[in-house]
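Participant: Shown below is the structure under consideration.
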């Protein structure tokens, strides 16, 4: 027994609908001894009406004026595709009185729009680093950057299942029944403060009384490892292998120490690697030869060509990426606060690698938004609280170089302390992916 999905939508949208159902239900991880059937354009114990799925037959802009809102348990939630909406009605209350819970709006196609990065196919504008700009996103236009909107649709689905069956059990979301996860990571862009080029352009600063050191170091690993170990946290270090000698003895010893201590060595694809198979493969092999099996990656400067970069990463054999976030703003670029397999539009299927979306980056707050230390912590705490309330996985990037600044370092330690106090857990990307994969392994989910 288990949950069966009866797909009755247009054939062109079938694989897309299956992708969304699998993503949401794998995340919820239901266990039941009875049979529960969800009809999507078909008969079922629970019924969801497919709406405007032909929109996805070709790549075109979605008219934001079409967005409407529905009430669910008193919460106002935006929806992109619908049959009819009474914006004054609480649809949860209406669903409760029906023997077959149903809704007249399409949470599946609306979820697909965000989760599959559909908007990035038709929005052609990119910033100077060839990145999808926050300013062009529907998250900004709809003012939902800090709302994991796909989570909202997922919890509507969960409520519908709970209304039909009182015997459903849901797997614990996180290890040891923790309420949420913070995925901590550090991009190791440089291990030395002064390169040849920066030396020439900063002679005055280098030879100042306090800074007389041609190779003043960003070698702050011990500081981070000791601090995280003391607080019961682990993290991932993404190494930019094209920028320093990963074969050096001190680097190999560092990799060994990280791996043996329970931390993760990840790959940081270089500036031009996002769009070049040759560069990406060479840089990846350079690091992989020193470390062994590398699971995770993040692209330098968050440069990403969707979906090409995913294709290159998948071909490399990487198991997860954590690049997909906004460089200029904190929040949820795909509207989801959990790991998931991104969608390959060319092959009309999901990718084999997993995405842990990036939500918060130190340089976003410090340089793009020009926040002071007080406001940085205020901003980070707000999204920490949002993630806690959604029981989600929040990905936080704090560059290695930021630990040279005592104020930025202090915010990082506050993040971990806050997480521990609120009954969350701080993990590396490898730990997140391994846990998530294990949760997927024995679900009773059938699609027909």
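In the numbering used here, the protein residues as written are 217 to 664. Every residue, glycine too, gets a C-beta built ideally from N, C-alpha and C.
#1: With the cut-off set at 8 Å, would you say residue 244 and residue 397 are in Cβ contact?
#2: Can you grab the Cα-Cα spacing for the pair residue 386 / residue 248, in whole Å?
#3: To the nearest angstrom, report how far apart residue 240 and residue 232 are at their CA atoms.
#4: Which value, in whole angstroms, describes the spacing of the CA atoms of residue 307 and residue 368?
#5: From residue 639 to residue 394, what does the alpha carbon distance come to, in whole angstroms?
#6: Restricting to runs no shorter than 3 residues, where is the beta strand (DSSP E) found entirely within the segment 218-249?
#7: With a threshold of 8 Å between beta-carbons, can residue 316 be considered close to chain E, or not?
#8: Looking at the structure shown, is residue 463 part of a helix, part of a strand, or coil, going by DSSP?
#9: Do residue 251 and residue 220 have their CB atoms nearer than 8 Å?
#10: Which residue or residues does DSSP assign as beta-bridge partners of residue 630?
#11: Select from 479, 631, 564, 402 the residue whose C-alpha is nearest the C-alpha of residue 579.
#12: Ignoring anything shorter than 3 residues or poking outside the segment 427-514, list the beta strand (DSSP E) runs there in chain order.
#13: Which same chain residues, not among the five before or five after residue 417, have their C-beta less than 6 Å away from its C-beta?
#14: Is DSSP giving residue 317 helix, strand or coil here?
#15: Hey, residue 451 and residue 376 are a contact pair by Cβ (cut 8 Å); roughly how many whole angstroms apart?
#16: Let me know if residue 468 comes out buried or exposed under the rule of 16 or more other beta-carbons within 10 Å of its beta-carbon.
#17: Could you tell me which residues DSSP puts in a beta bridge with residue 252?
#18: Would you identify the three-state DSSP class for residue 535, choosing helix, strand or coil?
#19: Is residue 518 closer than 8 Å to residue 541 when the C-beta atoms are compared?
#20: Rank 571, 544, 562, 605 by C-alpha distance to the C-alpha of residue 586 and give the top, closest one.
#21: Of the residues 222, 647, 494, which one's Cα is nearest the Cα of residue 525?
#22: Going by C-alpha distance, which of 264, 453, 330, 460 is nearest residue 483?
#23: In angstroms with no decimal places, state the Cα-to-Cα distance between residue 589 and residue 612.
#24: Compare the Cα-Cα distances from residue 164 to each of 297, 290, 328 and report the closest residue.
#25: Near residue 314, what residues of its chain come up, given a Cβ to Cβ distance below 6 Å and the 5 sequence neighbours on each side ignored?
Facilitator: If we stick to the structure as given:
#1: Here residue 244 refers to the residue found at position 28 when the chain shown is read from its first residue. Here residue 397 refers to the residue found at position 181 when the chain shown is read from its first residue. Residue 397 sits away from residue 244, with the two beta carbons spaced by 8 Å or more.
#2: Taking the first residue of the chain shown as position 1, residue 386 is located at position 170. Taking the first residue of the chain shown as position 1, residue 248 is located at position 32. Answer to the nearest angstrom: the Cα atoms are 9 Å apart.
#3: The sequence position of residue 240 within the chain shown is 24, counting from 1. The sequence position of residue 232 within the chain shown is 16, counting from 1. If I take the Cα positions, the gap works out to 13 Å.
#4: Within the chain shown, residue 307 is the residue found at index 91, counting from 1. Within the chain shown, residue 368 is the residue found at index 152, counting from 1. One C-alpha to the other measures close to 14 Å.
#5: The residue labelled residue 639 in the question sits at position 423 within the chain shown. The residue labelled residue 394 in the question sits at position 178 within the chain shown. Distance between the alpha carbons of residue 639 and residue 394 is about 6 Å.
#6: 219-223
#7: The structure shown contains no chain E; it is built from a single protein chain.
#8: For the purposes of this step, residue 463 is taken as residue 247 along the chain shown, with counting starting at 1. Here residue 463 sits in coil by DSSP.
#9: Against the chain shown, residue 251 aligns to sequence position 35. Against the chain shown, residue 220 aligns to sequence position 4. Yes. Within cutoff.
#10: As a position in the chain shown, residue 630 is number 414, starting the count at 1. Residue 630 is not bridged to any residue.
#11: On the chain shown, residue 579 is found 363 positions in, with the first residue counted as 1. Selected option, being the one with the closest Cα: 402.
#12: If we require 3 residues or more, the beta strand (DSSP E) runs fully inside the segment 427-514 come out as 452-455, 480-485.
#13: Sequence index remark: in the chain shown, residue 417 carries index 201 (1-based). Its pLDDT being 42, under 50, residue 417 is placed unreliably in this model, and the coordinates cannot settle the point.
#14: Stepping through the chain shown from its first residue, residue 317 is reached at position 101. Looking at residue 317 - three-state DSSP - the assignment turns out to be coil, as it is neither helix nor strand.
#15: Here residue 451 is taken as the residue at index 235 of the chain shown, counted from 1. Here residue 376 is taken as the residue at index 160 of the chain shown, counted from 1. In fact, because the Cβ distance is near 37 Å, the residues do not count as touching under 8 Å.
#16: Taking the chain shown and counting its residues from 1, one reaches residue 468 at position 252. Exposed, by the Cβ-count rule.
#17: Here residue 252 refers to the residue found at position 36 of the chain shown. Paired residue(s): 219.
#18: Walking along the chain shown from the start, residue 535 turns up at place 319. Looking at residue 535 - three-state DSSP - the assignment turns out to be coil, as it is neither helix nor strand.
#19: Here residue 541 is taken as the residue at index 325 of the chain shown, counted from 1. Here residue 518 is taken as the residue at index 302 of the chain shown, counted from 1. Yes, these two residues count as a Cβ contact at 8 Å.
#20: In the chain shown, the residue the question calls residue 586 occupies position 370. The option with the nearest alpha carbon to residue 586 is 544.
#21: For the purposes of this step, residue 525 is identified with residue 309 of the chain shown, where counting begins at 1. When each option's Cα is compared against that of residue 525, the closest is 494.
#22: Along the chain shown, one-based indexing puts residue 483 at 267. Among 264, 453, 330, 460, the Cα nearest to that of residue 483 belongs to 453.
#23: Numbered from 1 along the chain shown, position 373 holds the residue referred to as residue 589. Numbered from 1 along the chain shown, position 396 holds the residue referred to as residue 612. So the two alpha carbons sit approximately 16 Å from each other.
#24: Because the chain here runs from 217 to 664, residue 164 falls outside it and cannot be looked at.
#25: The residue you call residue 314 lines up with position 98 of the chain shown. Contacts found: none.
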